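Below: the structure, in structure tokens.
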Amino acid sequence: MNEETQNLVEKGRRKEVAELRHKSILTSGDECPTVFSHVWIREANKQVWTKSFLLLKDKKLYLSYKTQRSFG
Numbered sequence: 000m001n002e003e004t005q006n007l008v009e010k011g012r013r014k015e016v017a018e019l020r021h022k023s024i025l026t027s028g029d030e031c032p033t034v035f036s037h038v039w040i041r042e043a044n045k046q047v048w049t050k051s052f053l054l055l056k057d058k059k060l061y062l063s064y065k066t067q068r069s070f071g
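For the sequence shown, the positions run 0 to 71 when numbering that gives the first Met the number 0 is used.
Following this line, the structure appears as structure tokens:
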């Protein structure tokens, strides 16, 4: 963690820390980790929550309401 990030953490500014990390991932030449997780989404004008899935792969974020297991 660099000094700028450490200062933000100490001040309780987690949103700024997350933005710095996100910017670092997108601008660095390093490989972006593949992350898959489910999230719950609610449309602004509805009271119904829908389970959906997010996949972060190759610096792209994918959203799906269905998932298919694929091993291999």
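For each residue, glycine too, the CB sits at the ideal point set by N, CA and C.
Since we're looking at a predicted model, the values are computed, not measured.
Inter-residue CB distance, residue i and residue j (contact presumed, cutoff 8 Å)
i: S23; j: I40; result: 26 Å between Cβ atoms; not a contact.
i: K58; j: T33; result: That belief does not hold up - the Cβ atoms of K58 and T33 are roughly 10 Å apart, past 8 Å.
i: F92; j: L54; result: Residue 92 lies beyond the stretch modelled for the chain, which goes from 0 to 71, so this question has no answer here.
Close Cβ partners of residue i (< 7 Å) along its chain, the five nearest in sequence each way excluded
i: D29; result: none
i: T66; result: F52
i: V38; result: S51 and L53
i: L25; result: K58
Residue interval of the beta strand (DSSP E) (run including residue i)
i: K59; result: K59 to S63
Other residues of its chain near residue i: CB distance less than 6 Å, five sequence neighbours each side excluded
i: L49; result: The residue you asked about is not Leu; residue 49 is Thr in the sequence shown. Result list for T49: I40, in chain order.
i: S63; result: F52
Length at least 3, wholly inside the segment 11–48: the beta strand (DSSP E) runs in chain order: Qualifying beta strand (DSSP E) stretches, in chain order: 34–41.
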